[in-house]
Amino acid sequence: MFLLRNFSLTQLASKRPNQNILPPLRGLSTSGIHNETEANIIEGEARQRQEREIEKYRFTRRANEPFYKVPGREPKQVSADEAVTVVKSGDNVFVQGVAATPTPLLEALCRWGKKANLKKVRLHHIHTEGPLPHLKPEYEGIFRDNSLFMGANVREAVNAGKADYTPVFLSEIPSLFRLGAIPLDVAFVQTTPPDNHGYVSLGTSVDCTRAALEMAKHKVAIVNPRMPYTFGDSFVHVSQLDYIVQDEWELPELYAKPPNSVQDRIGQLIAANLVEDGACLQMGIGAIPNAVLSKLKNHKDLGVHTEMFSDGLIDLVECGAVTNSKKVINPGRIVSGFLLGTRKLYDFVDRNPLITMQDIAFTNNPVVIAKNSRVTAINSAIEVDLTGQVISDSIGTKLYSGVGGQVDFIRGASLSEGGKPIIALPSTTSSGNSRIVNFAHPGGGVVTTRAHVYYVVTEWGICELHGKNLRERALSLISIAHPDHREALEKAAFERGLLSQ
Numbered sequence: 012m013f014l015l016r017n018f019s020l021t022q023l024a025s026k027r028p029n030q031n032i033l034p035p036l037r038g039l040s041t042s043g044i045h046n047e048t049e050a051n052i053i054e055g056e057a058r059q060r061q062e063r064e065i066e067k068y069r070f071t072r073r074a075n076e077p078f079y080k081v082p083g084r085e086p087k088q089v090s091a092d093e094a095v096t097v098v099k100s101g102d103n104v105f106v107q108g109v110a111a112t113p114t115p116l117l118e119a120l121c122r123w124g125k126k127a128n129l130k131k132v133r134l135h136h137i138h139t140e141g142p143l144p145h146l147k148p149e150y151e152g153i154f155r156d157n158s159l160f161m162g163a164n165v166r167e168a169v170n171a172g173k174a175d176y177t178p179v180f181l182s183e184i185p186s187l188f189r190l191g192a193i194p195l196d197v198a199f200v201q202t203t204p205p206d207n208h209g210y211v212s213l214g215t216s217v218d219c220t221r222a223a224l225e226m227a228k229h230k231v232a233i234v235n236p237r238m239p240y241t242f243g244d245s246f247v248h249v250s251q252l253d254y255i256v257q258d259e260w261e262l263p264e265l266y267a268k269p270p271n272s273v274q275d276r277i278g279q280l281i282a283a284n285l286v287e288d289g290a291c292l293q294m295g296i297g298a299i300p301n302a303v304l305s306k307l308k309n310h311k312d313l314g315v316h317t318e319m320f321s322d323g324l325i326d327l328v329e330c331g332a333v334t335n336s337k338k339v340i341n342p343g344r345i346v347s348g349f350l351l352g353t354r355k356l357y358d359f360v361d362r363n364p365l366i367t368m369q370d371i372a373f374t375n376n377p378v379v380i381a382k383n384s385r386v387t388a389i390n391s392a393i394e395v396d397l398t399g400q401v402i403s404d405s406i407g408t409k410l411y412s413g414v415g416g417q418v419d420f421i422r423g424a425s426l427s428e429g430g431k432p433i434i435a436l437p438s439t440t441s442s443g444n445s446r447i448v449n450f451a452h453p454g455g456g457v458v459t460t461r462a463h464v465y466y467v468v469t470e471w472g473i474c475e476l477h478g479k480n481l482r483e484r485a486l487s488l489i490s491i492a493h494p495d496h497r498e499a500l501e502k503a504a505f506e507r508g509l510l511s512q
């Protein structure tokens, strides 16, 4: 019996065919071997078995890779109602998300679920846009929704126990599929029409979709000519798909509200004090990221490596502030995993070689992120306690969004030369309660730990927590809390023992 040691099959399969890739055989039994010739024969047979295993792995990886053309194979062109009949009771179904949410397939699946009397079909996804018909009470017992990152359309169902949420770093979602923690039976995706070479593009959402297509037994694509054709790791050959549904509808759009005075002040503080010329940016969706972007038009040679972006980036590209010229990874390119915005954004990225869409196992990998210098990661929070713990995925026990990519980029930025991991939030809620708190609300989810946090920004200032002890942190955070709450926070810190006379 031979054992593979020191090398994984992944490492072995990645070597060139003419390389000597085989490690020494260990664990090979020598009992009963009487001469060197016999030992050589046994070792040779073991090596042949090892080579067959490696070649089998190579073939499996090639077969699963959705970029490759499968000779002689074509997808069936069917209606949405026909395509969804591939789903059986107990199946795990991946649903592409964000602007690429394949709504017509979900509507057809609901019809099929009732007609076929399906039971316990689980639907897995990150943030989806638009209504999710399978969450209606009439489909209870037929479908069960599982969010890997939540949007507003599932929040009520999750908090009512009618749907599920899986806490996971965004960078690790693809591995849930690739390593079988969530074994996928069916993948529902939305793509562009095929090009002259038979390739469709995943458009606005490569994220974890590519991993789902690698691992799903059945692949269903709804082809929408309104989907922008993006470059990068977004290509899938049509021969890899089982069913194609032709349809056309407008993608969901997200219109950003103008930042209010508080958000505008936070954006100004970050842009003026924490974003350097040549910085590599990561930002999310929302008023504060948009406020920051609006203040960066006079910066030079900014780069972008992010999990997602929206319309706010377009002006920075067009005015020349974003050039990506200082980046080490993908120089000259904006790197993202998914995007959501208006039609203006979708037209901007369509066949635009400046944009490269990538798997989030790459975009959100802290090691990859750290290879760029001056990574400036701007993320939000629900509240921050006086020791620096960042609560981001829930309001008390009420789940709000998810872990997402915050820790991926906080860690990546902290490892980047000259990097700045930033948590930005208004000092108070809309009802006037402090978001700098003594203790997190009971049940609040700590996403970024007190050991990971560096900069915290409110409209009242910037505090740097890295390297500070708990007493120093409490004083620093109180100084950027709203003035109406500082006295109470100081008193609470004394009572807690963080401060003393």
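First residue of the sequence shown? That's 12 in the working numbering, and the numbers climb one at a time after it.
In this text, a Cβ means the ideal position worked out from N, Cα and C, and glycines have one as well.
Values in this document were obtained by computation on a predicted structure and should not be read as measured data.
Proximal residues to residue i (C-beta, below 6 Å), its chain only, five neighbours per side dropped
{"i": "Ala91", "result": "Pro115, Leu116, Ala119, Val256"}
{"i": "Ala499", "result": "none"}
{"i": "Asp218", "result": "Gly348, Phe349, Ile371"}
{"i": "Pro263", "result": "Ala110, Glu140, Gly141"}
{"i": "Glu394", "result": "Ile402, Arg446, Val448"}
Cβ-based neighbour list, residue i, same chain, cut-off 8 Å, excluding 5 preceding and 5 following
{"i": "Pro453", "result": "Gly407, Thr408"}
{"i": "Val97", "result": "Val197, His229, Val231, Asp253, Tyr254"}
{"i": "Ala282", "result": "Val303, Lys306, Leu307, His310"}
{"i": "Leu410", "result": "Met161, Arg166, Val169, Asn170, Tyr176, Asp404, Gly456"}
{"i": "Glu501", "result": "Ile489, Leu510"}
{"i": "Ala174", "result": "Leu146, Arg155, Asp156, Asn157, Ser158, Val165, Ala168"}
Sequence-distant residues of its chain with Cβ nearer than 7 Å to residue i (five each side left out)
{"i": "Asp322", "result": "Ala267, Gly352, Thr353, Lys355, Leu356"}
{"i": "Asn335", "result": "Gly314, Val315, Pro342, Gly343, Arg344, Ile345"}
{"i": "Ser212", "result": "Thr202, Thr203, Tyr240, Thr241, Ser245, Phe246"}
{"i": "Arg517", "result": "Any property of residue 517 remains undetermined from this structure, which presents the chain solely from 12 to 512."}
{"i": "Leu426", "result": "Pro377, Ala381"}
{"i": "Leu481", "result": "Thr398, Leu509"}
{"i": "Asn235", "result": "Gln201, Asp258, Glu259, Trp260"}
{"i": "Gln107", "result": "Pro113, Phe199, Val200, Gln201, Ser216, Thr220"}
{"i": "Arg515", "result": "Residue 515 is absent from the model: the chain starts at 12 and stops at 512."}
{"i": "Tyr150", "result": "Cys121, Gly124"}
{"i": "Pro494", "result": "none"}
Residue i in three-state terms, based on DSSP
{"i": "Cys474", "result": "strand"}
{"i": "Pro131", "result": "Per the sequence presented here, residue 131 reads as Lys, with Pro not at that position. Three-state result, Lys131: coil."}
{"i": "Asp218", "result": "coil"}
{"i": "Lys230", "result": "strand"}
{"i": "Arg72", "result": "With a pLDDT of only 44 at Arg72, under 50, the local geometry of the prediction cannot be trusted, and the value read off the model is given with reservation. DSSP places Arg72 in helix when its eight states are reduced to three."}
{"i": "Glu151", "result": "strand"}
{"i": "Val97", "result": "helix"}
{"i": "Ser6", "result": "This structure does not reach residue 6, given that the chain is present from 12 up to 512, and the question cannot be answered."}
{"i": "Tyr357", "result": "helix"}
{"i": "Leu510", "result": "coil"}
{"i": "Leu351", "result": "coil"}
{"i": "Ser513", "result": "Because the chain here runs from 12 to 512, residue 513 falls outside it and cannot be looked at."}
{"i": "Thr4", "result": "Any question about residue 4 goes unanswered here, given that the chain covers just 12 to 512."}
{"i": "Gly443", "result": "coil"}
{"i": "Leu313", "result": "strand"}
{"i": "Trp175", "result": "Note on identity: in this sequence residue 175 is Asp, with Trp being the wrong assignment. Correct three-state label for Asp175: strand."}
{"i": "Thr41", "result": "With a pLDDT of 49 at Thr41, under the threshold of 50, the predicted position of this residue should be treated as unreliable, though the coordinate-derived value follows. Coil, per DSSP."}
N-terminal and C-terminal residue of the alpha helix (DSSP H) that residue i is part of
{"i": "His496", "result": "494-507"}
{"i": "Val104", "result": "From DSSP, Val104 is part of no alpha helix (DSSP H) but of the beta strand (DSSP E) over 103-106."}
{"i": "Ser186", "result": "184-189"}
{"i": "Val165", "result": "163-170"}
{"i": "Val328", "result": "323-329"}
{"i": "Thr459", "result": "Element bounds for Thr459: not the alpha helix (DSSP H) but the beta strand (DSSP E), 457-459."}
Assumed close pair residue i, residue j - CB separation to whole angstroms, cut-off 8 Å
{"i": "Thr139", "j": "Thr112", "result": "5 Å"}
{"i": "Arg497", "j": "His463", "result": "So it is not a contact: roughly 25 Å between Cβ atoms."}
{"i": "Arg133", "j": "Arg166", "result": "The pair is not a contact, with the Cβ atoms about 19 Å apart (cut-off 8 Å)."}
{"i": "Gly289", "j": "Asp312", "result": "5 Å"}
{"i": "Ser403", "j": "Ala392", "result": "5 Å"}
{"i": "Thr374", "j": "Val418", "result": "That pair is no contact at about 14 Å."}
{"i": "Leu476", "j": "Ser487", "result": "6 Å"}
{"i": "Ala223", "j": "Phe180", "result": "No, Ala223 and Phe180 are not in contact; Cβ-Cβ is about 17 Å, not under 8 Å."}
{"i": "Ser250", "j": "Gly209", "result": "7 Å"}
Endpoints, beta strand (DSSP E) assigned at residue i
{"i": "Asn157", "result": "154-158"}
{"i": "Tyr466", "result": "466-469"}
{"i": "Phe199", "result": "197-202"}
{"i": "Ile345", "result": "345-347"}
Residue i: CB within 7 Å of a non-hydrogen atom of the ligand SAM
{"i": "Leu356", "result": "Summarising the ligand content, the structure contains no ligands, and the ligand SAM is consequently not present."}
(message) Please give me, in chain order, every unbroken run of the beta strand (DSSP E) with length at least 3 that falls completely inside the region 243-306.
(response) With a minimum length of 3 residues, the continuous beta strand (DSSP E) runs that stay inside the region 243-306 are 246-248, 254-257, 291-294.
(message) Just to confirm the assignment: which complete alpha helix (DSSP H) runs, minimum length 4, are found wholly within the region 362-436?
(response) Entirely contained in the region 362-436, the alpha helix (DSSP H) runs reaching 4 residues are, in chain order, 371-374, 377-382, 417-426.
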